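Note sheet for the following structure.
Protein chains: 2
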Amino acid sequence: MKITIYDVAKEAGVSIATVSKVINGKGKISQARRAEIMRVIERLKYQPSVIAAALTNKKTFTLGLLIPDISNPFFGEIARAVEDQGQRHGYSVVICSTDNQDERAQRYISLLYQKSVDGLIIGTGIEDKDILRRLAEKSFPVALIAREMPALSVPTVLVDDFIGGFLAATHLLKLGHSRFGVLAENMKVPSSRERVRGFKRAVEDAGLVIFEDCIQACEYRMDDGRGKALGLLSLKHPPTALFCCSDLLAVGALQAAAQLKIHVPDQVSVISFDNTVLASVMSPALTAVSQPIEHMGKLAVDLLVKELNKELPVKQRIVLSPEIVIRESTGHPPVMRRTI
Amino acid sequence: MKITIYDVAKEAGVSIATVSKVINGKGKISQARRAEIMRVIERLKYQPSVIAAALTNKKTFTLGLLIPDISNPFFGEIARAVEDQGQRHGYSVVICSTDNQDERAQRYISLLYQKSVDGLIIGTGIEDKDILRRLAEKSFPVALIAREMPALSVPTVLVDDFIGGFLAATHLLKLGHSRFGVLAENMKVPSSRERVRGFKRAVEDAGLVIFEDCIQACEYRMDDGRGKALGLLSLKHPPTALFCCSDLLAVGALQAAAQLKIHVPDQVSVISFDNTVLASVMSPALTAVSQPIEHMGKLAVDLLVKELNKELPVKQRIVLSPEIVIRESTGHPPVMRRTI
DNA sequence: TTGAAAGCGGTACCAT
DNA sequence: ATGGTACCGCTTTCAA
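Those sequence lines, one after another, are chains A and B.
Note that full-length UniProt numbering has the first sequence beginning at 1, numbered continuously upward.
Note that full-length UniProt numbering has the second sequence beginning at 1, numbered continuously upward.
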């Protein structure tokens, strides 16, 4: 059987109240008693039950992390950052992959609620606003990471997606491109929309336009990026540069180009968003708008923990600036394009 | 305030015992009562506290997953499989990245123990046998995934590493290679050792040898793979084929080759182990010994859950057969090798 | 078929 | 400085 506080109390010849105080460093306990109790705890290898404490305390020191898919490198990196920073504050984290399905998200949220996690970090899109409204009603502590929910007033940390898109376009424009294709994620996701909006803005500021049919909304899978890129690259007048809203989509685009024997970057440039390990590992290595993933994870946890400790007077929304990492997948547009 | 079983009982005009029985489908309750109580539960949106139940039950329906690093795609994929199968059995999973450090592993294990997780899935190497012995003493339910601990008698699911190595060598031999290099992981890890052993065996069976200095033990990081590969490829008589014990190391090898302007597979073949998304995405795409990651995750959870339910009379050790996935990174050895 | 009550392992208030 | 004790929310005998 597990050692309990009662065992320790009996062994040390004191009351459980005293033991509890020693453990939590509360109340006044004489040095002698304290030392003696500590010794007993040591000897018995007593480890307090977090569960039991939670029942009175209302704190489980566990956080839930809602993301689309832990096996997606972007979210793997987010999870790692969240885990580490959580750990630093004494929290464990439960991962929940939603596959971007509201129903799965809802199920996980209920579950986490029943398990009394102290708070939630949400990094997945949730379309059904009711799900979040219910959270708010229960005043369940939530922080958003890499997502935005304008309807909700919750601490948020994300990258400036608009600027990110803008930067991507600026880079491409500087290289001399004028025909653009875009692989967006689901346009219902604000961040994706912002990226595209930023991209378009920069292009339009340069006096150019993007044809609507050159903007393709994709699922978040690589395959879909490849399929949509195949379409774009097979147009009569294909774009000379592709802006992909995630590394996964960019990988798909690279595959599409390879399949069509179109050289990157000589014949078409590809610029990505996220800058996960995938971007650095591809060949050609992907030029990408970089999200400060680790920093974002850290900040999201800090925000949530502050919220839990009620140290947060007002809801903060931290917007980080993305940077562009130039690698091999972007270059000048081909001077002359073969006409098929 | 949260709705409790007392609220439901009061509202339905019954005792909490009755409500409890209805929730858990235990005991005999009249249809009428049951229906009425269900209605109240519905109306009040009552959600039982798992924490409180755990205090009596001894079950939190939470599992711990110990892996080296959740941001490593291999473990991301493992985690996803474990999460999904856990979910199917009603368990949540807490991720714990150990960075292969025993101290971190120990800290996490203590924490998980205090949080009363029902069981542990360990996918990280632990050198300090005492850590595991302590687990065994407490008869803490554990399952091993993609790891082996001969010292310990615990349910295990892994791929046959020896065969995997053997297959890799066989493939290379068939292509005509005779000078091999190996990027191993830490040789203290049994699975790595087995892979190398299998590889060597096949080579020796063919009447060839591998020079000891062509077997390099690496950390699990990509950089290290690159560094060690640079060394091997810079030898006076460099190997014509590299066997890498993980995708990450293989990526490093590919980078090294690119850096030295050595063409893969024309000048050197690279064969990998794991077959994560990285293998399929690289250029050239990696020929790899494939671990059935999803299946392994599923089986590990099944084994652990059976153990928890005491449905497991004897400890099972499930050894899956790896398959080789041939892609672009392997080919015939160069007929003539430039002599520098 | 239903309910009273004794835990489960802690915390914290209130006496002493 | 210590200890008694009433919870926390639920499960599970045991009586009724």
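Don't be surprised by glycine CBs; every beta carbon is placed ideally from N, CA and C.
Computed from a prediction, not measured in an experiment: that's the story for all the values here.
Residue i versus residue j: straight-line alpha-carbon distance, rounded
i             : j      : result
G227/B        : S246/A : 29 Å
G76/A         : G13/B  : 49 Å
L172/B        : T287/B : 10 Å
residue 355/A : L303/B : With chain A represented from 1 up to 340, any question about residue 355/A goes unanswered, as that position is not in the structure.
P333/A        : A241/A : 8 Å
A40/B         : S30/B  : Residue identity differs from the one stated: residue 40/B is Val in this sequence, not Ala. Going by the C-alpha atoms only, they are around 16 Å apart.
S234/A        : A79/B  : 38 Å
L175/A        : A256/B : 29 Å
L131/A        : V277/B : At residue 131/A the sequence reads Ile, which differs from the Leu that was named. Each residue's alpha carbon lies about 33 Å from the other.
I70/B         : M187/A : 29 Å
Q85/B         : G297/B : 7 Å
C218/B        : A250/B : 11 Å
G64/B         : N72/B  : 18 Å
S280/A        : R195/B : 28 Å
T339/A        : K236/A : Interpretation of T339/A is limited by its pLDDT of 44, a score under 50 that renders its predicted location unreliable; the figure taken from the coordinates is listed afterwards. Between T339/A and K236/A, the C-alpha separation is close to 8 Å.
M38/A         : V22/A  : 8 Å
Q114/A        : G25/B  : 18 Å
T18/A         : A32/A  : 12 Å
M336/A        : V203/A : Residue placement at M336/A is poorly supported in this model, since its pLDDT is 46, which falls under 50; the coordinates still yield a value, given next. Computed Cα separation, rounded: 21 Å.
residue 341/A : F74/B  : Lying before the first or after the last residue shown, residue 341/A is absent from chain A, which here runs from 1 to 340.
L112/A        : F61/A  : 12 Å
G331/A        : L232/A : 18 Å
K59/A         : G90/A  : 11 Å
R221/A        : L248/A : 7 Å
G27/B         : A35/B  : 15 Å
E42/B         : D7/B   : 12 Å
E148/B        : R317/B : 10 Å
R1/B          : P238/A : Note on identity: in this sequence residue 1/B is Met, with Arg being the wrong assignment. So the alpha carbons of these two residues sit roughly 59 Å apart.
T254/A        : I126/B : Correcting the residue type first, residue 254/A is Leu in the shown sequence and not Thr. So the alpha carbons of these two residues sit roughly 39 Å apart.
I5/A          : E11/A  : 10 Å
Proximal residues of chain B, C-beta to C-beta of residue i below 9 Å
i             : result
G227/A        : Within 9 Å Cβ-Cβ: nothing; G227/A doesn't reach chain B, min ~16 Å.
residue 354/A : This structure gives no information on residue 354/A, because the portion of chain A shown stretches from 1 to 340.
Neighbouring residues, chain A, relative to residue i (Cβ below 8 Å)
i      : result
Q47/B  : S110, Y113 and Q114
M38/B  : Simply none; closest approach about 17 Å.
P73/B  : S71, P73, G76 and V277
A54/B  : I51
V251/B : V281
Residue j beta carbon less than 8 Å from that of residue i
i      : j      : result
V182/A : I210/A : yes
H295/A : L320/A : yes
I262/A : F243/A : no
D224/A : G252/A : yes
L135/B : S178/B : no
A258/B : Q216/B : no
Y108/A : L55/A  : no
P68/B  : D99/B  : yes
A300/B : E328/B : no
G164/B : P313/B : no
Whole-Å CB distance - residue i paired with residue j, under 8 Å assumed
i      : j      : result
F199/B : A169/B : 5 Å
A146/A : S116/A : That belief does not hold up - the Cβ atoms of A146/A and S116/A are roughly 26 Å apart, past 8 Å.
K129/A : A151/A : 6 Å
C214/A : F180/A : 6 Å
V82/B  : V94/A  : The Cβ separation is near 12 Å, so there is no contact.
V154/A : K315/A : 6 Å
S283/A : S283/B : 4 Å
Y46/B  : I3/B   : 5 Å
Contact list for residue i against chain B, beta-carbon separation under 8 Å
i             : result
residue 389/A : The structure shown does not extend to residue 389/A, since chain A is modelled only from 1 to 340, so the question has no answer here.
V93/A         : V94 and I95
M296/A        : What M296/A touches in chain B: nothing, since even the nearest Cβ is about 13 Å away.
Closer than 9 Å at the beta carbon, the chain A residues around residue i
i      : result
T60/B  : I51 and K115
M282/B : V281, M282 and S283
Residue i Cβ short of 7 Å to the ligand HEM heavy atom set
i     : result
T62/B : Among the components modelled here there is no ligand, and therefore nothing to report on the ligand HEM.
ask   = For the 8 Å Cβ check, are there 3 or more pairs between the stretch 141-155 of chain A and the stretch 102-122 of chain A?
value = yes
query = Are the stretch 50-61 of chain A and the stretch 265-279 of chain A touching, with three or more C-beta to C-beta distances below 8 Å?
reply = no
message = Across the stretch 153-170 of chain A and the stretch 279-295 of chain A, are there enough close Cβ pairs to call them in contact, namely three or more that are closer than 8 Å?
response = yes
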